[in-house]
Amino acid sequence: MLDAFGKCRPRPDQQLAIETGLYPYFRPITERLENGEVVIGGHAVLMAGSNDYLDLSQDPRLKAAAADAIGRHGAGNSGSRLLNGSLRLHEDLEAELADFLGKEAALVVSTGYQANLALAALFTPDDVVYTDQLIHASLVDATRLGRARVVRYRHNDMAHLERLLEEDGTGQGRLILSEGMFSAEGDLCDVPGAVRLSRAHGARLILDSAHDAGLLGAGGTGAAEHFGQQGAVDLQTLTFSKCFGTLGGAIAGPGHVIDYLRHHGRPAVFSASLPAGCLAAARAALHIIRTEPERRLRVLAAAAKLRADLTALGLPTAPGITPAIALQVGDTLMCLRLCKELLAEGIYTNAMVPPAVPGGKALVRLSLTAAHTDANLARIVDACAAAGRRLGLIPARPGHTVAASVLTP
Ligand SMILES: Cc1ncc(COP(=O)(O)O)c(C=O)c1O
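In our numbering, each number is its position in the sequence shown, counted from 1, plus 609.
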């Protein structure tokens, strides 16, 4: 008889990473230092692997708002919004998010993962969902929980999506599902292309703005606004765990759709609601996002500079504008090695290997925040140069110097 627990052993690549000392995950952070460093394994290293793009998770205003709300409402709500976990704070934040995003209504849930999973309620057997091949696991899981037919199009390939929409004339409901900013590669959805196709083919467009809300567009509402298309996106999902510096998620769109998801989105109905501390922190973050655009401008400028420096070094740096910068090494072991070498150089980064990325597309993800200084960027470049040369990713070349500062005020 097969042991149902027999499958519970490391995958071969995971085992290899453990045996070779390259396993990079679940490293506990024991302390946060003032200068952007964290203590990992007893060593102070520069954090270049968080999604705290606007540097709000440590902001005193968020901490004070959270502490005050916990003082008034307690540490948790002990139930779902539907039954016993609704606070006025949820409603206030929902109204403020809807206003920020220019949507009729918003629904707050407990994580970005749950916001995406709630979309499953829209995916019925009467529908077809067209998904970008590289969407986040939470969106993939929504299509698995839903019962619609799923058609995948090649990453950001609007010609492919158009062909699929044209071939598929079934008269069913249609939805196009993409991320605004793709989490691994840091590239942007072709929003104008997706909007054009959604209109031409009667499809609803859903964008996951987990990484781009707060970061992109003149008002900070995300990738759609960056392309001048904010009003053309039918539904937008968000997380509070990245630019908003706390925890939580939301869906924003037409009032009747949000009301439907409030009653049918399974994570909204069957999971405990977001506690007051996170709600208050998210409201404080939203206020900062709306009033301090300099934060996003600063991190985007830092990203442009670092990307240019890494490209000039000859590292396989993905093009783009966002603060998630992918070093596309391809091979999984090389990716793990680069991560380890960078850590030895005092820089913490993220190894993205299959299944988080497709086979053969492993990458090291460097991510910047508004707190990174010119000195931090120079340190990252020097570490990448040293590690890249040691691993043969860039030819050895003496005397590399980092370009002069454009960031320090
Ligand atoms: C694109 C994308 N969507 C959704 C999520 C889930 O967000 P959360 O961490 O709030 O559950 C993430 C987080 O990694 C993400 O990268």
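Where is the CB? At the ideal position from N, CA and C, for every residue including glycine.
- [ ] May I ask you to verify whether the region 633–647 touches the region 975–993, counting CB pairs closer than 8 angstroms and requiring at least 3?
- [x] Segments in contact, yes.
- [ ] Answer yes if the region 907–925 comes into contact with the region 711–725, meaning at least three C-beta pairs across the two stretches below 8 angstroms, and no otherwise.
- [x] As far as the Cβ criterion goes, the region 711–725 does not touch the region 907–925, which means the pair count is below three.
TODO: Name the one or two DSSP bridge partners that T926 has.
DONE: Its beta-bridge partners are L936.
- [ ] Mark F732 as exposed unless 16 or more other C-beta atoms lie within 10 angstroms of its C-beta, in which case mark it buried.
- [x] The residue in question, F732, is buried, as its Cβ has 16 or more Cβ neighbours within 10 Å.
Task: alpha helix (DSSP H) runs contained entirely in the region 651–704, provided each spans 4 or more residues - done: Taken in chain order, the complete alpha helix (DSSP H) segments of 4 residues or longer contained in the region 651–704 are 669–682.
- [ ] Out of A678, A768, S976, L824, point me to the one whose CA is closest to M656's CA.
- [x] Proximity to M656 across A678, A768, S976, L824 peaks at S976, based on C-alpha coordinates.
Task: Minimum C-alpha distance to T851 - residue among D821, V878, G826 - done: It should be noted that the sequence gives Lys, not Thr, for residue 851. Checked all of D821, V878, G826; the closest Cα to K851 is D821.
Task: E776 classed as buried or exposed, judged by whether at least 16 other C-beta atoms fall within 10 angstroms - done: Flag for E776 reads exposed.
TODO: Give the C-beta separation of S807 and I744 to the nearest angstrom, bearing in mind that I take them to be a contact with Cβ-Cβ under 8 angstroms.
DONE: Not a contact, Cβ separation roughly 16 angstroms.
Task: Element boundaries [alpha helix (DSSP H), containing E788] - done: E788: not part of any alpha helix (DSSP H); member of the beta strand (DSSP E) spanning 782–788, first to last residue.
TODO: Going by CA-CA distance only, name the one from T900, A890, A996, D612 that's closest to L824.
DONE: Of T900, A890, A996, D612, the residue nearest in Cα terms is T900.
TODO: Kindly list the residues whose CB is nearer than 6 angstroms to the CB of A729, restricted to its own chain and excluding five residues on each side of it in sequence; keep chain order.
DONE: Beyond the five residues adjoining it in sequence on each side, A729 comes within less than 6 angstroms, by CB distance, of A751, L754, G755 in the same chain, given in chain order.
- [ ] Could you check what DSSP says for R974 in three-state terms: helix, strand or coil?
- [x] Note: R974 maps to strand in three-state DSSP.
Open item on the list: Suppose contacts are defined by Cβ-Cβ distances below 8 angstroms. Is P801 in contact with G923 by that definition?
Closed with: Going by C-beta atoms, P801 is not nearer than 8 angstroms to G923.
Open item on the list: As a quick exercise: from I989, A626, T958, K949, pick the residue whose alpha carbon is nearest that of D1000.
Closed with: One point to set straight first is that residue 1000 is Leu, not Asp, in the sequence displayed. When each option's Cα is compared against that of L1000, the closest is K949.
Open item on the list: Strictly by DSSP, which residues pair up with R761?
Closed with: Beta bridge pairing from DSSP links R761 with T740.
- [ ] Quick one: grab the DSSP three-state call for L1016.
- [x] Model confidence at L1016 stands at a pLDDT of 36, short of 50, so the residue's coordinates are unreliable and nothing is read from them.
Open item on the list: Helix, strand or coil for L611? Go by DSSP, reduced to three states.
Closed with: Correct three-state label for L611: coil.
Open item on the list: Looking at the strands, I want to know which residues DSSP matches up with D817.
Closed with: Beta-bridge partners assigned by DSSP to D817: E788, T846.
Task: Under 8 angstroms between C-beta atoms of L888 and L698 - done: Yes. Within cutoff.
Open item on the list: Given this structure, state the Cα-to-Cα distance separating A960 from L631, to the nearest angstrom.
Closed with: A direct Cα-to-Cα measurement between A960 and L631 gives close to 10 angstroms.
- [ ] Starting from E646, follow the beta strand (DSSP E) in both directions and report where the run begins and ends.
- [x] 646–649 is the span of the beta strand (DSSP E), which, as asked, contains E646.
TODO: Give the straight-line distance between the Cα atoms of V760 and T740, rounded to the nearest whole angstrom.
DONE: Taking the straight line joining both Cα atoms gives about 6 angstroms.
TODO: Using beta-carbon positions only, say whether L706 and R904 come within less than 8 angstroms of one another.
DONE: When the beta-carbon positions are compared, L706 and R904 stay at least 8 angstroms from each other.
Task: Beta bridge counterpart(s) of A714 as assigned by DSSP - done: Note: A714 sits in a beta bridge opposite G862.
Open item on the list: Can you determine whether any heavy atom of ligand 1 sits closer than 7 angstroms to the C-beta of G658, and answer yes or no?
Closed with: Relative to the non-hydrogen atoms of ligand 1, the Cβ of G658 never comes closer than 7 angstroms to any of them.
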